[in-house]
């Protein structure tokens, strides 16, 4: 198990994994300044998983981590249990804890939720954003441009999360903000950043600019549509990082669903009895009468 963060480590909400070359021990010490031992281990491990330092399927052993951090195994065990609950790690058939594998299906499901939430947040922001909100959003947008100019995709990724969080804050909907932050937290499980893909960083900034213009104009409908389109593009990029495409994934799903439906229909047709058919007819008649 490698315990050092690579120089291209990416960031997510609430963390800064742009600390190039940081080892697990260094990350733990950094988090330990503001958290208890178990929380610090949890945050440090989450950082290295998101940075891609520890690869999917790689074993996370308590003894190795304890030796690396120079602490007892109790807080490590607590941190690993929490990571397992949050699906950062999973148990093999042999009960070994390994970094969880992220499937394209899961990414599509998560981004479907994010697409809806980001769209709603942008629409409400267009209706409720204050001057202070817009100043903050414009500042974050500028800082993302500067990060891109410097080639700092890790910083850009962190600012990207802050940008979308700020849009949701401007929506003035506390429940929506809570839901969106939970959805964004799943990105800690996805190693790397979509900004590492060709033209994605530039494209994202262009999409952000259009969203900002719609919010500034008070055009909630357009802001929502643009935010949803932006999230869909991010989803396509994330799927591409997993060596697949969204279209292929949807085709596979439809094929599987069709096969399942076909199998179910054939089974029902082959095993239904006259009594069952009569019962179903009576039920349908009752529904039509009472409906």
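In our numbering, the protein residues as written are 47 to 337. All C-beta atoms in this analysis are idealised placements derived from N, C-alpha and C, irrespective of residue type, glycine included. From a predicted model like this one, the values you see are computed outputs, not experimental measurements.
Thinking just about the alpha-carbon of each residue, which of 103, 161, 260 and 108 is nearest to the one in residue 139? Translated into positions along the chain shown, residue 139 becomes position 93. Checking every option, the nearest Cα to that of residue 139 belongs to 103.
Determine the contact status of residue 76 and residue 124, defining contact as a CB-CB distance below 8 Å. Along the chain shown, one-based indexing puts residue 76 at 30. Along the chain shown, one-based indexing puts residue 124 at 78. No, the pair does not count as a contact, with Cβ atoms beyond the cut-off.
What are the boundary residues of the beta strand (DSSP E) that residue 136 is part of? By 1-based counting over the chain shown, the position of residue 136 is 90. Run containing residue 136: 135 to 137, per the beta strand (DSSP E) assignment.
Under the rule that 16 or more other beta-carbon atoms within 10 Å means buried, what is residue 274, buried or exposed? For the purposes of this step, residue 274 is taken as the residue at position 228 of the chain shown. Its Cβ being crowded by 16 or more others within 10 Å, residue 274 is buried.
Taking residue 187 and residue 207 to be in contact with their CB atoms under 8 Å, please state how far apart those CB atoms are, rounded to whole angstroms. To locate residue 187, count along the chain shown from 1; it is residue 141. To locate residue 207, count along the chain shown from 1; it is residue 161. In fact, because the Cβ distance is near 13 Å, the residues do not count as touching under 8 Å.
Between residue 150 and residue 301, what straight-line distance do the alpha-carbon atoms span, to the nearest angstrom? As a position in the chain shown, residue 150 is number 104, starting the count at 1. As a position in the chain shown, residue 301 is number 255, starting the count at 1. Between residue 150 and residue 301, the C-alpha separation is close to 16 Å.
What span of residues does the alpha helix (DSSP H) with residue 186 cover, start to end? What you label residue 186 is simply residue 140 of the chain shown in a count that begins at 1. First-last of the alpha helix (DSSP H) with residue 186: 177 to 195.
What first and last residue would you give for the alpha helix (DSSP H) that runs through residue 144? What you label residue 144 is simply residue 98 of the chain shown in a count that begins at 1. Note, residue 144: premise wrong, no alpha helix (DSSP H); beta strand (DSSP E) at 143 to 145.
Assuming residue 156 and residue 229 make a contact with CB atoms under 8 Å, what is their CB distance in whole Å? The count along the chain shown starts at 1 and reaches residue 156 at position 110. The count along the chain shown starts at 1 and reaches residue 229 at position 183. At roughly 7 Å, the Cβ-Cβ gap stays under 8 Å, so residue 156 and residue 229 are in contact.
Hey, out of 163, 184 and 159, whose CA is closest to residue 261's CA? Numbered from 1 along the chain shown, position 215 holds the residue referred to as residue 261. With distances taken between Cα atoms, residue 261 lies closest to 184.
Sequence-distant residues of the same chain with beta carbon closer than 6 Å to residue 256, five excluded per side: Residue mapping note: residue 256 aligns to position 210 of the chain shown, counting from 1. Contacts found: 272.
Does the segment 239 to 250 come close enough to the segment 187 to 200 that 3 or more CB-CB pairs lie under 8 Å? yes
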